[in-house]
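**Student:** Dumping the structure here so I can ask a few things about it.
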Amino acid sequence: MKKRFLSLGLALALLLTACGGPAAPASPETPPPSQSSAPPSSQEPAPAEPLAEEPEPPETGFVPAEQLNDKARQELSRYREGKEKYGFLYVVDREGEPVPNIHCYAGENAWNFGLDVEIPYDGRSGLSRNSGLLPVSFDLPAPAPLYLCNKDAILGIVDYQNEKPPCQRLEFDEESLERLNQGEVYQVVWEEPTPLETLLALDHVTVNVKNADGTPAADHVVYIHFRWEDIQPDPARGDVGPADSPYEPRYTDADGIARFVRENTFGTNARGYREIVVIPSYEEPKSPRKKAVHIQVPSEPPWDFTVTLPPVEGTVEEKPPFVIEEGKIESALFHPAPAEALCRYFTENVSPEDYLEIKCHISYTRERISYAVLIWAEDPAPFQKALESYSGDWTPVIFAKAFPFHSRKNLEDAETAVKGFLEKNPEIAVADVKRSEGRVVVRVKEENDALTEFVKSYPISGLIRIKEYQPENQVDLTVPLTDTEGIPLEGTAALSITVPVDWTSEGSSFRNAEGRQIMEVLSCIPFRSTGVYDKLAERYPDSDPEDVLVGGLYGKYFHVQTRAQDPAIAGTFQNEIIYYLERGDQLVCFQFYPSFGTGIGTQIREFQEAIKAIQ
């Protein structure tokens with residue numbers, strides 16, 4: 007299929023013809039020529055009126071916040087209050103007016119679009135808002151090139167490696183990068199046609215976003231997603247499909263309207279289905295206020311769609327739920343005080359017989375830490391009842407069903423009973439007694455029949471568990487370096503992993519006391535920002551990454567299920583747990599192999615507890 011760009015010159019010609027476009031401003035280095043004229047006359051000419059000076063075009067470079075428009079200043083203040091680390095670009099045209107919907111690419115993201123990236127690092131993307139402010143979350147080494155692009159100027163399926171989009175390159179040295187990382191604002195003058203100018207010269211799709219009361223919803227981001235099978239082009243019909251990067255967002259304008267190039271969105275032969283997704287801003291992809299609707303693509307215009315958002319925050323219907331079943335939550339707080347306050351409130355107002363655990367749940371990423379309340383119980387009803395009279399700040403609450411259920415009162419009683427028994431039998435060699443995952447765990451240095459009988463005869467079966475104390479078993483490894491796709495890179499990484507003493511290792515593979523393979527250390531991956539997790543997630547499209555702490559390192563794991571190939575267990579699924587843990591500028595990648603016949607959740611917890619340290 008022939009791939010093509012919109013001619014920028016043609017677009018500009020159309021615009022100038024249709025709109026009587028402004029004359030090109032004079033270069034700041036060259037003063038405008040004199041425009042005096044005096045027709046021949048015997049009469050003395052009237053005094054010439056002084057010409058108004060044409061304002062100097064804005065310059066690219068760092069600018070104080072006071073120079074931004076009112077809306078940009080307000081947004082800048084809000085972003086600076088957050089915990090996320092942002093750099094700020096301010097995109098304006100040659101008249102100094104803000105330019106929205108300009109894409110910013112860095113690092114690997116820029117390379118994906120065929121841009122001239124000279125150093126291999128992971129970067130993050132950004133999108134200029136209606137105010138012109140463009141927050142970019144990144145952590146880049148100097149020199150750091152960024153690329154600004156008007157993706158609307160590209161038509162059809164584009165081979166980005168050979169047909170590069172029109173863009174402007176920004177180069178930041180170490181000093182300027184440091185200023186950017188500290189939150190200063192760097193003004194960029196966009197020299198090409200703006201996204202809106204390009205769109206007005208083309209057939210386009212319109213998405214009208216409205217609030218629940220019918221008013222326009224400005225400053226919301228709109229995506230149009232598709233299923234790949236819906237957009238395959240048919241060359242026999244001369245069909246051109248949408249661009250192969252379909253998830254290009256647009257901000258709605260003051261009228262709540264977002265426009266998309268028809269050819270890029272629906273192709274020249276519109277058909278199939280699409281999903282329109284609306285979120286509050288580009289930086290909030292998992293916002294609880296996300297709204298998605300499915301549409302069937304009309305073959306003929308108008309391509310005009312309306313999305314109505316849920317009631318605005320503050321109404322009863324929009325109030326986020328306190329309790330989320332199945333342990334999934336899409337929002338969190340970035341400071342601990344509200345979560346800690348709600349934990350204290352629950353502890354004081356919910357009976358210990360109604361829950362197993364209440365704690366402040368902490369989620370770690372490289373850029374920020376978020377907080378929620380985690381409750382382990384059999385039924386969330388007592389907590390929902392307590393919240394009816396709670397006047398504190400809203401806090402996300404994760405509900406996890408404890409099974410089998412033992413209450414906190416049961417756990418405290420069991421711990422007291424064990425410690426009392428051990429005080430009466432000091433000859434029993436015990437390493438420690440602690441609560442772990444809803445049980446009282448007694449780690450013994452040697453077996454003891456009296457202790458075993460005490461545990462068996464305890465009124466609540468399974469509440470007390472005896473485990474053999476394992477001394478340290480430190481294994482030193484050398485593993486390869488790879489990229490996110492597993493492609494080898496130059497060099498290796500040295501690791502030291504502390505595992506149970508009865509585990510054995512051969513190379514980077516580990517076996518447990520039964521001789522079954524339980525873990526394999528795969529590689530280390532260069533890690534400079536959490537954007538690398540987005541690339542890893544593409545390898546596991548059916549698995550949501552889970553935050554985890556293993557061996558003293560924070561990171562994420564992916565749970566992958568595939569149908570078992572062994573005829574003896576046909577119809578079942580093989581579970582694979584792949585971990586990526588942050589160690590300095592590297593991610594340590596290893597895989598856990600669970601066994602059949604035991605709950606996967608229990609196995610994951612026990613495996614993670616078994617890894618004592620990764621250095």
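The sequence shown begins at 7 in my numbering and counts up by one. Glycine is no exception: its CB is placed at the ideal position from the N, C-alpha and C atoms. Just so you know, these numbers come straight off a predicted model, no measurement behind them.
(1) Just confirm the distance between the C-beta atoms of Val267 and Leu205, as a whole number of angstroms; I'd bet it's less than 8 Å.
(2) Measure from the alpha carbon of Arg545 to the alpha carbon of each residue in Asp489, Pro316, Arg135 and Gly497, then state which is nearest.
(3) Please state the DSSP three-state secondary structure of Ala616.
(4) Would you list the one or two residues that DSSP bridges to Phe405?
(5) Give me the residue from Gly93, Val507 and Gly607 with the minimum Cα distance to Gln622.
(6) Starting from Asn479, trace the beta strand (DSSP E) in both directions and tell me its first and last residue.
(7) With a CB to CB cut of under 7 Å and the five nearest residues on each side skipped, what residues in its chain are close to Lys297?
(8) For the putative contact between Lys451 and Ala435, defined by C-beta atoms under 8 Å, what is the C-beta separation to the nearest angstrom?
(9) Taking the beta strand (DSSP E) that Phe389 belongs to, which residues open and close that run?
(10) Buried or exposed: where does Ser395 fall if 16 or more other Cβ atoms within 10 Å of its Cβ makes it buried?
(11) So what does Gly561 bridge to, in DSSP terms?
(12) Would Thr258 be called buried (16 or more neighbouring beta carbons within 10 Å of its own) or exposed?
(13) What three-state label does DSSP hand Gln188 in the structure shown?
(14) Express the C-alpha separation of Thr212 and Gln621 in angstroms, rounding to a whole number.
(15) Could you please give me the residues that DSSP links to Ala195 through a beta bridge?
(16) Using three-state DSSP, classify Ser601 as helix, strand or coil.
(17) Can you tell which of Asp261, Gly262 and Arg256 has the C-alpha that lies nearest to the C-alpha of Thr271?
(18) In this structure, does DSSP put Thr36 in helix, strand or coil?
(19) Would you mind working out which of Gly67, Glu81 and Gly497 sits nearest Gln592, comparing C-alpha positions?
(20) Please report how far the alpha carbon of Pro308 lies from the alpha carbon of Gly262, in whole angstroms.
(21) Who pairs with Leu176 in a beta bridge, going by DSSP?
(22) Can you tell me the Cα-Cα spacing of Gly220 and Ile230, whole angstroms?
(23) With respect to the beta strand (DSSP E) encompassing Arg441, which residues constitute its N-terminal and C-terminal limits?
(24) With DSSP collapsed to three states, give me the class of Asp419.
(25) For the beta strand (DSSP E) that contains Asp76, what are its first and last residues?
(26) Excluding sequence positions up to five away, which residues of its chain have a Cβ less than 6 Å from the Cβ of Leu457?
(27) Does DSSP classify Glu512 as helix, strand or coil?
(28) What residues are listed by DSSP as bridge partners for Gln567?
(29) Classify Asn518 as helix, strand or coil using the three-state DSSP reduction.
(30) Are there 16 or more other CB atoms within 10 angstroms of the CB of Tyr599, so buried, or fewer, so exposed?
(31) On a CA-only basis, which of Ala387, Asn416 and Ile381 is nearest Val403? Give me that one, please.
(32) For Trp382, is the beta carbon positioned less than 6 Å from some heavy atom of the ligand ZN?
(33) Since I believe Cys155 is in contact with Tyr85 (beta carbons under 8 Å), could you give me their beta-carbon distance rounded to a whole number of angstroms?
(34) Just how far apart, CA to CA, sit Val98 and Gly138?
(35) Starting from Glu474 and walking both ways along the beta strand (DSSP E), at which residues does that stretch end?
(36) With the cut-off set at 7 Å, would you say Pro151 and Arg175 are in Cβ contact?
**Tutor:** Taking the coordinates as given:
(1) Right, their Cβ atoms sit about 6 Å apart.
(2) Of the candidates Asp489, Pro316, Arg135 and Gly497, the residue whose Cα lies closest to the Cα of Arg545 is Asp489.
(3) Per DSSP, reduced to three states, the secondary structure at Ala616 is helical.
(4) Looking at the DSSP output, Phe405 sits in a beta bridge with Ile381.
(5) The chain is shown from 7 up to 621; residue 622 falls before or after that span and cannot be answered.
(6) Glu478 to Thr488
(7) Once the five neighbours on either side are set aside, the close Cβ partners of Lys297 are Val284, Val313, Leu315 and Pro316.
(8) 4 Å
(9) Where Phe389 is concerned, there is no enclosing beta strand (DSSP E), although the alpha helix (DSSP H) around it starts and stops at Ala387 to Leu393.
(10) exposed
(11) DSSP output for Gly561 lists Val554 and Leu587 as bridge partner(s).
(12) buried
(13) coil
(14) When only Cα atoms are considered, Gln621 and Thr212 end up about 53 Å apart.
(15) For clarity, residue 195 is Val in the given sequence; the question names Ala instead. According to DSSP, Val195 bridges with Val98.
(16) coil
(17) Arg256
(18) Caution is warranted here: a pLDDT of 36 is assigned to Thr36, below 50, making its placement in the model unreliable, and no coordinate value can be reported.
(19) With distances taken between Cα atoms, Gln592 lies closest to Gly497.
(20) 18 Å
(21) Leu152
(22) 22 Å
(23) Judged by DSSP secondary structure, Arg441 falls within the beta strand (DSSP E) whose first and last residues are Val436 to Ser442.
(24) helix
(25) If you look at Asp76, you'll find it isn't in any beta strand (DSSP E); it sits in the alpha helix (DSSP H) that goes Asp76 to Glu87.
(26) Ile434
(27) strand
(28) Asn581
(29) Of the three classes helix, strand and coil, the one that applies to Asn518 here is coil, per DSSP.
(30) buried
(31) Ile381
(32) The model depicted lacks the ligand ZN and carries no ligand whatsoever.
(33) That belief does not hold up - the Cβ atoms of Tyr85 and Cys155 are roughly 22 Å apart, past 8 Å.
(34) 6 Å
(35) Ile470 to Glu474
(36) yes
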